[in-house]
Amino acid sequence: MGDLLGDRTKVLPLLVVAVVVAVGSTLVILLTNRSSGGSIRAPAKSAAGPGVGGAGKTVRLRISNYVFEPASPTVAAGTTVAWTNGDATAHTATAADSSFDTGTIAPGETKSFTFTKPGSYQYICSFHAFMHGTIVVK
Numbered sequence: 273m274g275d276l277l278g279d280r281t282k283v284l285p286l287l288v289v290a291v292v293v294a295v296g297s298t299l300v301i302l303l304t305n306r307s308s309g310g311s312i313r314a315p316a317k318s319a320a321g322p323g324v325g326g327a328g329k330t331v332r333l334r335i336s337n338y339v340f341e342p343a344s345p346t347v348a349a350g351t352t353v354a355w356t357n358g359d360a361t362a363h364t365a366t367a368a369d370s371s372f373d374t375g376t377i378a379p380g381e382t383k384s385f386t387f388t389k390p391g392s393y394q395y396i397c398s399f400h401a402f403m404h405g406t407i408v409v410k
C-alpha cells in the first residue's frame, strides 16, 4: 500500500503539468485564430503601396499596440526594413522560414534587416505569435 501512495505523489505533479500545458496551448491557439482569422494571410495584391523603398533605402515599420504597422509593405530588393518598438514590452520580427530574425527589440529600440532577394517573407513576433506581418520584396 505504501508503494501505491508513493506513486500517487509522483503522478499528481505530472498531471498538473499536463493540464497547465494543455490549457496554455489551447489559449495560444484561440488567441492566434481570433486575431488572424485562423491563419497567416497572404498579402493583398497591390501596386506600390506603403513602404516602397529601393536599393540602399530604408523603410520604417512601427510596432504599436501589439501590431506591426504597416503589416504588409512592398519594397524593392536591396531595401532595409527597420522595426521600431513603440510598445512597453519587448518584441521580435522573426521570419517563418528562418531567413531573418531581429532578435529582441526592446521598448523604444529599432532593429533592421536588408532584403536582397525578391519574395514574400512572412514573419511573427516570437514572444507574441498572434502578431504577424509580411514583407513583399519585388
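273 is the number of the first residue of the sequence shown in our numbering; add one for each residue after it. Ideal Cβ placement from N, Cα and C applies to all residues, glycine included.
Rounded to whole angstroms, what is the Cα-Cα separation between N409 and G350?
Correcting the residue identity first, residue 409 is Val in this sequence and not Asn. Cα to Cα, V409 sits roughly 9 Å from G350.
Other residues of its chain near R313: CB distance less than 7 Å, five sequence neighbours each side excluded:
Residue placement at R313 is flagged as unreliable, the pLDDT there being 36, under the threshold of 50; a coordinate-derived value is accordingly withheld.
Buried or exposed: which applies to N357, given that a residue is buried once 16 or more other Cβ atoms fall within 10 Å of its Cβ?
buried
Report back the beta-carbon spacing between S398 and T364 to the nearest angstrom; my notes put them in contact at under 8 Å.
5 Å
Excluding the 5 residues flanking A343 on each side, which residues of the same chain have their C-beta closer than 6 Å to its C-beta?
G405
For G375 and Y395, what's the separation of their Cα atoms in angstroms?
12 Å
Buried versus exposed call for K317 [16 or more other C-beta atoms within 10 Å across all chains shown]:
Confidence in K317 is poor, its pLDDT being 35 and thus under 50, which makes the residue's placement unreliable; the coordinate value appears in the next sentence. Per the 10 Å Cβ criterion, exposed.
Looking at C-alpha atoms only, which residue of K329, V331, I335, G328 is the closest neighbour of H400?
I335
So what's T382 in DSSP terms, helix, strand or just coil?
strand
Let me know if P345 comes out buried or exposed under the rule of 16 or more other beta-carbons within 10 Å of its beta-carbon.
buried
Skipping 5 residues on each side, what residues in its chain have a beta carbon closer than 7 Å to that of G380?
N357
Determine the direct distance from the alpha carbon of V353 to that of T386, and round the result to whole angstroms.
6 Å
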